[in-house]
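> Following this message is one structure expressed as structure tokens.
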């Protein structure tokens, strides 16, 4: 008989009068690796909060390791021994690996820390999963993948029976993800359960015995790898997302691309070793970093924040220095958080990069309001007077991409544009990228995973060890692995 690790029974949870989960049911068994694909993010944050902390329920019961830990009539506000591993690490950067795993865990009561003993205690855990990470290394020195491994070991050492892996593919490379899958399967064989959350069913098929489809605070269907045919039929019907995406891909493929507008030649930094690429007007290029190590230095070189050791950058055929250039735009990861000024109005955020085209834009409010009226895609009349904090997520993305469109650059570098976005928002991001491409602006997507990024891509360059590894044209995408989302399009 299967042993339940987690059971959520008829859970209804509300926040400030808004229902986040309604009649929610879920069971995860010992040693199971279960997938969860959110078709939208409504209720997902509430679900993750309830896993870790027993917040007051409107109705329902939650059981963990055979004990009722939360009940609608008797909330205890205590924390459950459940780990969530995601892009934002919970590790202390200024402490060593051993300190994070042993010293910071609940129940550690020693006054004197003997590092040699901690190192000896950590060694068997590293050996059994075949990972070579120094116990004395500081977390700030680790790669993204190594941080994930340390968080995994921290959860295992702390005795957590359920570990959640949330959107791992967006910051762990394909090769590293294979190693991680092997670790997950190893610990699952020892009775530890896993919940793998991703936006794409193609990923869960590689690892999970079953996958729950989550939407509007409920699980609407379970998919199983052995029922591949019926599962694919269901996925083709989900919200019409694939149909919309297919139409955009076919339309973009028919458009003509013009001459080269941006060229990078033999760029060298401490981690980049001779990177070269070109991109044409209206072309979408993906740079996939197989090691997830170069993008930070690449963006620093493009923005002028970091000085490369050598290399040349050309815009419209003319060489330019590595400095802030309005002809080269950068859309950061999580742009709704990182690229907007919360204490400025919508209108001022929209015009932020426009003074090089209209020098008097900051002296004339009438000019800014005129720009707002002429700017397409704005439906709400009083929107420009709102503060950024009052905007929806979709409106924030419209604002960021609208600012870039008004800036009118020759090329836009987008750092993992789909990271953390729910499925409807991913489709909208495709529309925003298509808007830039239709204006003749070249788009370079910097990605670790190919999920979603292939939707509008004309070419793909895989980068290994900081230099060009493999280049694929659109006709050669058929050679990509079968588990890549949208590959069949």
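Residue numbers (the numbering used here): 1488 to 1976.
Beta carbons: idealized from backbone N, C-alpha and C, even for Gly.
Identify the residues that DSSP records as bridge partners of residue 1857: which are they?
Counting from one through the chain shown, the residue named residue 1857 turns up at place 370. In the DSSP output, where bridge partners are listed per residue, residue 1857 has none listed.
> Which residue comes first and which comes last in the alpha helix (DSSP H) that contains residue 1708?
Indexing the chain shown from 1 puts residue 1708 at position 221. It is not in any alpha helix (DSSP H) - residue 1708 instead sits in the beta strand (DSSP E) that spans 1705–1710.
> Counting only the same chain and skipping the five closest in sequence on each side, list residues whose C-beta sits under 6 Å from that of residue 1961.
Taking the chain shown and counting its residues from 1, the one referred to as residue 1961 is at position 474. Answer for residue 1961: 1945, listed in chain order.
> What does DSSP give as the partner residues of residue 1652 in its beta bridges?
Taking the chain shown and counting its residues from 1, the one referred to as residue 1652 is at position 165. 1572, 1683, per the DSSP bridge assignment.
> Output needed for residue 1888: all residues of its chain with C-beta closer than 6 Å, excluding positions within five of it in sequence on either side, in chain order.
Counted from its first residue, the chain shown places residue 1888 at position 401. Counting only Cβ-Cβ distances below 6 Å, and skipping sequence neighbours, we find 1919.
> So, residue 1809 versus residue 1791, is the Cβ gap smaller than 9 Å?
The residue labelled residue 1809 in the question sits at position 322 within the chain shown. The residue labelled residue 1791 in the question sits at position 304 within the chain shown. Yes; because the gap between Cβ atoms is below 9 Å, this pair is in contact.
> Pull up the distance between the alpha-carbon of residue 1947 and that of residue 1776, whole angstroms please.
On the chain shown, position 460 is the one that residue 1947 refers to. On the chain shown, position 289 is the one that residue 1776 refers to. Their Cα atoms are separated by approximately 11 Å.
> Please give the ranges of any beta strand (DSSP E) in the region 1494–1570, keeping only runs that are unbroken, at least 3 residues long and fully inside the region.
1505–1516, 1520–1525, 1546–1551, 1554–1558
> Count the other CB atoms within 10 Å of the CB of residue 1797; is the residue buried (16 or more) or exposed (fewer)?
Indexing the chain shown from 1 puts residue 1797 at position 310. That one is exposed.
> Bridge partners of residue 1772, per DSSP?
Taking the chain shown and counting its residues from 1, the one referred to as residue 1772 is at position 285. According to DSSP, residue 1772 bridges with 1931, 1946.
> Pull up the distance between the alpha-carbon of residue 1705 and that of residue 1909, whole angstroms please.
Reading the chain shown from its first residue, position 218 is the one you call residue 1705. Reading the chain shown from its first residue, position 422 is the one you call residue 1909. If I take the Cα positions, the gap works out to 15 Å.
> Report the rounded CA-to-CA distance for residue 1713 versus residue 1585, giving the unit in angstroms.
Within the chain shown, the letter at position 226 stands for residue 1713. Within the chain shown, the letter at position 98 stands for residue 1585. So the alpha carbons of these two residues sit roughly 41 Å apart.
> Count the C-beta pairs between the region 1533–1546 and the region 1494–1502 that are closer than 8 Å, then say yes if the count reaches three, no if not.
yes
> Would you check if the distance between the CB atom of residue 1654 and the CB atom of residue 1907 is smaller than 9 Å?
As a working mapping, residue 1654 is identified with position 167 in the chain shown. As a working mapping, residue 1907 is identified with position 420 in the chain shown. Taking 9 Å as the Cβ cut-off, residue 1654 and residue 1907 qualify as a contacting pair.
> Give the DSSP-derived three-state secondary structure of residue 1889 in the structure shown.
Numbered from 1 along the chain shown, position 402 holds the residue referred to as residue 1889. Three-state result, residue 1889: helix.
> So the alpha helix (DSSP H) residue 1805 belongs to, where does it begin and stop?
As a first step, residue 1805 must be located in the chain shown, where it is residue number 318. Not the alpha helix (DSSP H): residue 1805 falls in the beta strand (DSSP E), residues 1805–1807.
> Residue 1825 lies in the alpha helix (DSSP H); which residues open and close that run?
Along the chain shown, one-based indexing puts residue 1825 at 338. From DSSP, the alpha helix (DSSP H) with residue 1825 extends over 1822–1825.
> Near residue 1521, which residues of its chain fall below 8 Å by C-beta distance, leaving aside the five closest residues on each side in sequence?
Here residue 1521 is taken as the residue at index 34 of the chain shown, counted from 1. Once the five neighbours on either side are set aside, the close Cβ partners of residue 1521 are 1515, 1680, 1681, 1682, 1683, 1695, 1696, 1697, 1698, 1699.
> Which first and last residues belong to the beta strand (DSSP E) in which residue 1760 is found?
The count along the chain shown starts at 1 and reaches residue 1760 at position 273. Boundaries of the beta strand (DSSP E) harbouring residue 1760: 1760–1767, taken from the DSSP string.
> Let me confirm a value: residue 1921 is counted as buried when at least 16 other C-beta atoms fall within 10 Å, else exposed. Which label applies?
If you number the chain shown from 1, residue 1921 lands on position 434. Buried, by the Cβ-count rule.
> In whole angstroms, what is the alpha-carbon distance linking residue 1911 and residue 1943?
To locate residue 1911, count along the chain shown from 1; it is residue 424. To locate residue 1943, count along the chain shown from 1; it is residue 456. Roughly 16 Å between the two C-alpha positions.
> Quick check on the DSSP output: the beta strand (DSSP E) that includes residue 1701 runs from which residue to which?
In the chain shown, counting from the first residue as 1, residue 1701 sits at position 214. First-last of the beta strand (DSSP E) with residue 1701: 1697–1702.
> With burial defined as no fewer than 16 other Cβ atoms inside 10 Å of the residue's Cβ, what is the status of residue 1674: buried or exposed?
The sequence position of residue 1674 within the chain shown is 187, counting from 1. Per the 10 Å Cβ criterion, buried.
> Rounded to a whole number of angstroms, what is the C-alpha to C-alpha distance between residue 1573 and residue 1853?
Start at 1 with the first residue of the chain shown, and residue 1573 comes out as number 86. Start at 1 with the first residue of the chain shown, and residue 1853 comes out as number 366. Between residue 1573 and residue 1853, the C-alpha separation is close to 45 Å.
> Quick check on residue 1882: buried or exposed, where buried means 16 or more other Cβ atoms within 10 Å of its Cβ?
Here residue 1882 corresponds to residue number 395 of the chain shown, with the count starting at 1. Residue 1882 is buried by the Cβ-count criterion.
> Please return the same chain residues whose Cβ sits closer than 8 Å to the Cβ of residue 1582, not counting the five positions on each side in sequence.
Locating residue 1582 in the chain shown gives position 95, where the first residue counts as 1. For residue 1582, where only same-chain residues beyond five positions count, the Cβ hits under 8 Å are 1590, 1591, 1625, 1626.
> In whole angstroms, what separates the C-alpha of residue 1557 from that of residue 1886?
Locating residue 1557 in the chain shown gives position 70, counting from the first residue. Locating residue 1886 in the chain shown gives position 399, counting from the first residue. For residue 1557 and residue 1886, the distance between alpha carbons rounds to 41 Å.
> Buried or exposed for residue 1656, going by 16 or more other Cβ atoms inside 10 Å?
In the chain shown, the residue the question calls residue 1656 occupies position 169. Its Cβ being crowded by 16 or more others within 10 Å, residue 1656 is buried.
> What does a CB cutoff of less than 6 Å around residue 1750 pick up in its chain, not counting 5 residues either side in sequence?
Translated into positions along the chain shown, residue 1750 becomes position 263. Cβ within range, chain order: 1765, 1801.
> If we ignore side chains and look at the alpha-carbon of each, how far apart do residue 1575 and residue 1538 end up?
As a working note, residue 1575 is residue 88 in the chain shown. As a working note, residue 1538 is residue 51 in the chain shown. One C-alpha to the other measures close to 18 Å.
> Going by Cα to Cα distance, which pick from 1904, 1957, 1560, 1789 is closest to residue 1658?
Working through the chain shown from its first residue, we reach residue 1658 at position 171. Comparing Cα-Cα distances from residue 1658 to each of 1904, 1957, 1560, 1789, the minimum goes to 1904.
> Taking the CB atoms as reference points, tell me whether residue 1924 and residue 1931 lie closer together than 9 Å.
Counting from 1 along the chain shown, the entry for residue 1924 is found at position 437. Counting from 1 along the chain shown, the entry for residue 1931 is found at position 444. Not closer than 9 Å, so no.
> Buried or exposed for residue 1711, please, with buried defined as at least 16 other CB atoms from any protein chain shown within 10 angstroms of its CB.
The residue you call residue 1711 lines up with position 224 of the chain shown. Exposed, since its Cβ has fewer than 16 Cβ neighbours within 10 Å.
> Here's the rule I'm using: 16 or more other beta-carbon atoms within 10 Å means buried, otherwise exposed. How should residue 1830 be labelled?
Within the chain shown, residue 1830 is the residue found at index 343, counting from 1. Residue 1830 should be labelled exposed.
> Below 8 Å, how does it come out for the region 1543–1563 and the region 1606–1615: are there three or more Cβ pairs, yes or no?
Segments in contact, no.
> Buried or exposed for residue 1688, going by 16 or more other Cβ atoms inside 10 Å?
As a first step, residue 1688 is located in the chain shown; it is residue number 201 there, counting from the start. By the 10 Å Cβ count, residue 1688 comes out buried.
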